[in-house]
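Okay, so here's the structure we're looking at.
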Amino acid sequence: MEKSVSDTFAIRLDSAAAQVAAALEALLGEAPLDGEIARPAHLILAMRHGVLNGGKRLRPFLVIETARMLGAPEDAALRVAAALECIHCYSLVHDDLPAMDDDDLRRGQPTVHIAFDEATAILAGDALLTLAFDVISAPETDLPADARLRLVNALSRAAGVGGMVGGQALDLAAERVSPDEAGIVKLQAMKTGALLRFACAAGAIAAGCDDAIVARVTRFGEIIGLAFQLADDLLDVTSDAATLGKAAGKDAARGKGTLVSLHGAPVAKQKLAALVDEAEAVLAPFGDAADTLRQAAGFIATREK
């Protein structure tokens, strides 16, 4: 599984992160948009704290690179990528709350409820969630109306009760009763995998691809979603807070069932390597155009935080 990340990949990842950060900064200005009455400064600051705090921006990177591979308009893909990052960051703001994971650090900085307060953190998350659908549906996202509608629908389902939020509910339940292996895989496919799956599908939808291509890149997203969570679970037992930028060892402390706790780290590493191989095989029909996405699969498996 020791697959190196090329300099070109690292440059693209950093470039996409910078583009998305710039887009988010522009979207989170203080001036109200048409149809808005006002943007409370304190709330905007909390939203900015929740999204403009670094990170690899992997989900938006997957939108951008899948869109690039399939020929989608770059500006529109960037807006969809920024919208997805709003969803991801809202989920982190809420997950960090005392009623949920109760974390004080995120990406090495105080979480939003620590930097501000719990009520503001809840509102900041709510606002980021709704902003995402504003961004995709707005005419500035220059895609055909049916493509924007399909993206809104797909993101709603990836982020909601049948996706990320439902997965978080299953995750909380897993603290009381540990699920079996099938239950763990379902939980992780929802909580973590759903947004990664959407990220890949979104690039194909934005490019106007047929259903077969959308299905193929969606499958790639499903596989790397499982790989991402498996790598995360391994890091939770092998890394430390200074490296991760957040608390380590929390899954074990809470008695959460993971594939690592179920089978042990060596077996989990073998499974992770197999997932990377499967992800690369799914991309075979795209040839050299998929090189960056292939490297993304390896990066997900070997990342250190």
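Going by my numbering, the sequence shown opens with residue 1, and the numbers climb by one from there. Where is the CB? At the ideal position from N, CA and C, for every residue including glycine.
Quick one, which of PHE116, PRO32, ALA18 and HIS94 has its alpha-carbon nearest HIS42's?
-> As a working note, residue 42 is residue 42 in the sequence shown. Sorting PHE116, PRO32, ALA18 and HIS94 by C-alpha distance to the C-alpha of HIS42 places PHE116 at the top.
Nearest-angstrom Cα separation, counted from LEU226 out to LEU27 | Locating residue 27 in the sequence shown gives position 27, where the first residue counts as 1. Locating residue 226 in the sequence shown gives position 226, where the first residue counts as 1. LEU27 and LEU226 have their C-alpha atoms some 31 angstroms from each other.
Pick from ALA273, VAL217 and LEU92 that is closest to PHE228, judged by C-alpha positions = As a working mapping, residue 228 is identified with position 228 in the sequence shown. It is ALA273 whose Cα lies nearest to the Cα of PHE228.
Three-state secondary structure assigned by DSSP to LYS246 | For the purposes of this step, residue 246 is taken as the residue at position 246 of the sequence shown. Interpretation of LYS246 is limited by its pLDDT of 47, a score under 50 that renders its predicted location unreliable; the figure taken from the coordinates is listed afterwards. The answer is coil: DSSP assigns LYS246 none of H, G, I, E or B.
Does the pairing of the region 68-80 with the region 19-39 give three or more beta-carbon distances under 8 angstroms?
-> yes
Contacting residues, own chain, Cβ-Cβ under 7 angstroms from LYS246 (five flanking each side not counted) = Here residue 246 refers to the residue found at position 246 when the sequence shown is read from its first residue. Residue confidence is low: LYS246 scores 47 on pLDDT, short of 50, so the model does not pin down where it sits. Its coordinate-derived value is still stated next. Result list for LYS246: ASP103, LEU105 and ARG106, in chain order.
Report the three-state DSSP secondary structure of ARG106 (helix, strand or coil).
-> By 1-based counting over the sequence shown, the position of residue 106 is 106. Note: ARG106 maps to strand in three-state DSSP.
Drop a sphere of 10 angstroms on the beta-carbon of THR111, count the other beta-carbons inside from all chains shown, and report buried for 16 or more, exposed for fewer.
-> Taking the first residue of the sequence shown as position 1, residue 111 is located at position 111. Buried, by the Cβ-count rule.
According to the Cβ coordinates, are THR292 and ALA204 closer than 8 angstroms?
-> Against the sequence shown, residue 292 aligns to sequence position 292. Against the sequence shown, residue 204 aligns to sequence position 204. Contact: no.
What's the call for ARG176, buried or exposed, on a 16-neighbour Cβ count within 10 Å?
-> Here residue 176 refers to the residue found at position 176 when the sequence shown is read from its first residue. It is exposed - the Cβ of ARG176 has fewer than 16 other Cβ atoms within 10 Å.
Is there contact between the region 192-209 and the region 137-155, where contact requires at least three CB pairs shorter than 8 angstroms?
-> yes
Output the distance between the C-alpha atoms of ALA147 and ASP236, rounded to the nearest integer angstrom.
-> Your numbering for residue 147 matches position 147 in the sequence shown. Your numbering for residue 236 matches position 236 in the sequence shown. Their Cα atoms are separated by approximately 38 angstroms.
Where the alpha helix (DSSP H) containing ASN153 begins and where it ends | On the sequence shown, position 153 is the one that residue 153 refers to. Its alpha helix (DSSP H) spans residues 145-159.
Taking the C-alpha atoms as reference points, what is the distance between ALA206 and ALA281?
-> For this step, residue 206 is matched to residue 206 along the sequence shown. For this step, residue 281 is matched to residue 281 along the sequence shown. Between ALA206 and ALA281, the C-alpha separation is close to 23 angstroms.
Among GLU181, ALA138, ALA173 and GLN188, which has the Cα closest to the Cα of VAL158?
-> Here the question's residue 158 lines up with position 158 in the sequence shown. In the sequence as displayed, the identity of residue 158 is Ala instead of Val. Relative to ALA158, the option among GLU181, ALA138, ALA173 and GLN188 whose CA is nearest is GLN188.
Kindly list the residues whose CB is nearer than 8 angstroms to the CB of ASP126, restricted to its own chain and excluding five residues on each side of it in sequence; keep chain order.
-> On the sequence shown, position 126 is the one that residue 126 refers to. Once the five neighbours on either side are set aside, the close Cβ partners of ASP126 are TYR90.
Return helix, strand or coil for MET1, following the three-state DSSP convention.
-> The count along the sequence shown starts at 1 and reaches residue 1 at position 1. Its pLDDT being 43, under 50, MET1 is placed unreliably in this model, and the value from its coordinates should be taken loosely. In this structure, MET1 counts as coil in the three-state DSSP scheme.
Excluding the 5 residues preceding and the 5 following GLY167 in the sequence, name in chain order all residues of the same chain whose CB lies nearer than 6 angstroms to its CB.
-> Translated into the one-based positions of the sequence shown, residue 167 becomes position 167. For GLY167, where only same-chain residues beyond five positions count, the Cβ hits under 6 angstroms are LEU187, MET190 and LYS191.
Figure out for me which residue from LEU234, ALA284, ILE136 and PRO285 has the closest Cα to the Cα of ALA301.
-> Here residue 301 refers to the residue found at position 301 of the sequence shown. Looking at the Cα atoms, LEU234 is the closest of the given residues.
Exposed or buried, LEU149, counting other C-beta atoms within 10 Å across all chains shown (16 or more means buried)?
-> Against the sequence shown, residue 149 aligns to sequence position 149. Answer is exposed; the Cβ neighbour count stays below 16.
Beta-carbon gap between VAL318 and ALA297 smaller than 8 angstroms | Residue 318 is absent from the structure shown; the chain starts at 1 and stops at 305.
Give a yes or no on contact between the region 12-24 and the region 51-64, applying the rule of three or more CB pairs nearer than 8 angstroms.
-> In short, these stretches touch, since the Cβ pair count reaches three.
From what residue to what residue does the alpha helix (DSSP H) around ASP134 run?
-> On the sequence shown, position 134 is the one that residue 134 refers to. From DSSP, the alpha helix (DSSP H) with ASP134 extends over 118-137.
Considering only residues of the same chain and omitting the five flanking positions on each side of ALA132, which have a CB-CB separation below 6 angstroms?
-> Within the sequence shown, numbered from 1, the residue matching residue 132 stands at position 132. Once the five neighbours on either side are set aside, the close Cβ partners of ALA132 are ALA83, CYS86 and ILE87.
ALA73 versus ILE184: straight-line alpha-carbon distance, rounded = Taking the first residue of the sequence shown as 1, we reach residue 73 at position 73. Taking the first residue of the sequence shown as 1, we reach residue 184 at position 184. The sequence given here has Pro at residue 73, not Ala. A straight line joining the alpha-carbon of PRO73 with that of ILE184 spans about 37 angstroms.
Grouping DSSP H, G and I as helix and E and B as strand, with all else coil, what is MET69?
-> As a first step, residue 69 must be located in the sequence shown, where it is residue number 69. Residue state, collapsed to three classes: helix.
For CYS209, which of ARG68, HIS263, ALA138 and ALA284 has the nearest alpha-carbon?
-> As a working mapping, residue 209 is identified with position 209 in the sequence shown. Nearest option by C-alpha distance: ARG68.
For LYS271, which residues from the same chain have a beta carbon less than 8 angstroms from its beta carbon, with the 5 sequence-adjacent residues on both sides left out?
-> On the sequence shown, residue 271 is found 271 positions in, with the first residue counted as 1. Same-chain partners within the cutoff: LEU230, LEU259 and HIS263.
Report the rounded CA-to-CA distance for GLY50 versus ARG219, giving the unit in angstroms.
-> In the sequence shown, residue 50 corresponds to position 50, counting from 1. In the sequence shown, residue 219 corresponds to position 219, counting from 1. If you take the alpha carbons of GLY50 and ARG219, they lie about 30 angstroms apart.
Assign GLU304 to one of two classes, buried (16 or more other C-beta atoms within 10 Å of its C-beta) or exposed (fewer than that).
-> As a first step, residue 304 is located in the sequence shown; it is residue number 304 there, counting from the start. Exposed is the call here.
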